[in-house]
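Since the structure comes first, as structure tokens, the remarks are kept for the end.
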Amino acid sequence: MTQTYNQSTIKEMLLLGFNGLHNFRTTVFFVLLGIYMATIIGNLLIIAIISTTRHLLQSPMYYFLSQLAINDILLTTTVCPYMLHITWNEGAYMSVAGCIIQFYMFGVSSVTECFLLTAMSYDRYLAICKPLHYASTMTYRFCVCLVMCCWLLGFMITLVIAVMISNLNFCGPHIIDHLFCDYAPLMDLSCSNTTILKFIVFSIASTETITETVFIIATYVCIFLNIVRISSSSGRQKAFSTCSSHLAVVCTYYGSLISIYVAPSKGHLIIIKKILSLMYTVVTPLLNPIIYSLKNLEIQAVIKKFVRKHKNTF
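Using this note's numbering, the letters of the sequence shown map in sequence onto residues 15 to 328.
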């Protein structure tokens with residue numbers, strides 16, 4: 015007799031994480047914990063520096079940067095705490111509802127980050143290529159509206175996909191050989207017809223990625239052409255320093271994001287996909303504040319001023 019399954023058949027998912035570590039479990043756990051704490055501290059410092067020195071960091075770019083730091087905290091906090099739990103216990107159960115919620119929050123932060131990076135590239139384009147129109151275009155109200163659109167699109171796009179996933183039937187097996195609940199593992203576990211959902215997700219993801227990538231490339235082509243025309247070396251250096259930090263973050267983020275979906279998801283090479291996912295969800299949010307601190311001259315100046323002012327306190 016054929017057994018019939020429905021949504022209630024599976025109530026929990028078993029996430030394996032880095033299964034088979036055994037002797038290295040404790041080491042990996044504390045490395046992940048250290049990275050997570052450093053990520054939170056680093057991004058909070060960026061937010062604090064920008065919030066308390068608005069008279070020095072007046073450019074709209076720093077408002078976008080603070081939003082990027084908030085989003086990075088959301089991204090890593092959505093994934094890392096439960097990843098630590100999975101690593102310590104060499105696997106852990108999560109309810110189907112909890113799994114979908116984690117996917118949703120992960121999707122929100124991922125999509126929002128893409129839109130924020132695109133908005134920041136537009137900000138840099140106006141600042142360097144259209145300096146006379148920059149102040150009148152990038153007003154505080156416009157920047158707030160732009161950021162709100164980034165967050166709203168992140169919430170709405172991911173909500174459509176999450177709702178469709180919640181209507182799928184999960185019949186078994188219930189094992190997710192991954193670090194967190196992502197789109198592909200959930201599709202593998204569903205016994206429903208996912209053809210329409212996969213087409214919708216592919217259409218949304220490809221349209222968003224291609225549009226954002228083309229826009230960012232186009233803005234940076236214009237930016238580099240304008241930087242080359244700047245006569246003074248100090249002017250070129252200042253313009254390049256503000257752009258190079260954003261460009262480094264874009265390359266790191268999109269590089270790790272694209273590599274995740276190119277890497278094999280099955281077989282012995284699945285460990286590569288897990289490592290790439292770790293880079294995307296944990297390491298990249300850690301690198302962002304470091305990149306901006308090392309490459310942005312204005313942030314460096316503010317940090318040095320803060321250290322000189324408070325060095326006697328410590």
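Glycine is no exception: its CB is placed at the ideal position from the N, C-alpha and C atoms. Since this is a predicted model, take the numbers as computed values, not measurements.
The DSSP-derived three-state label of S291 is helix. Straight-line measurement puts the Cα of Y148 at about 48 Å from the Cα of I100.
Rounded to whole angstroms, the gap between the alpha carbons of S135 and H260 is 8 Å. Counting only residues of its own chain and dropping the five nearest sequence neighbours on each side, L140 has a CB closer than 8 Å to the CB of H147, Y148, T151 and M152. Shortest Cα-Cα distance from I171 to any of D137, H188, L200 and S123 involves S123. The straight-line gap separating the alpha-carbon atoms of L30 and H36 is approximately 13 Å. Here the alpha carbon of C157 sits roughly 13 Å from the alpha carbon of L131.
Contact between I63 and I317 holds: their C-beta atoms lie close to 7 Å from each other, under 8 Å. Taking all protein chains shown into account, Q251 has fewer than 16 neighbouring C-beta atoms within 10 Å of its C-beta and is therefore exposed. A Cβ-Cβ separation of about 6 Å places C94 in contact with V296 under the 8 Å criterion. Taking a cut-off of 8 Å on C-beta distances, the stretch 183-190 touches the stretch 202-212, as three or more cross pairs fall below it. In this structure Q72 is exposed. Its beta-carbon is surrounded by fewer than 16 other beta-carbon atoms within 10 angstroms. For the pair of segments examined, the stretch 47-58 was found not to touch the stretch 107-127: the number of CB pairs separated by less than 8 Å stays below three. Uninterrupted alpha helix (DSSP H) stretches at least 4 residues long and entirely within the stretch 190-236 occur at 197-203, given in chain order. Taking 9 Å as the cut-off, the Cβ atoms of E26 and Y107 count as close.
Nearest to I274 by alpha-carbon distance, out of V235, I304 and A198, is A198.
The three-state secondary structure of S246, taken from DSSP, is coil. In this structure K287 is buried. Its beta-carbon is surrounded by 16 or more other beta-carbon atoms within 10 angstroms. Under the three-state reduction of DSSP output, E127 falls in the helix class. Cα atoms of I142 and F254: separation of roughly 10 Å, rounded to the nearest angstrom. In the three-state reduction of the DSSP assignment, L30 falls in the coil class.
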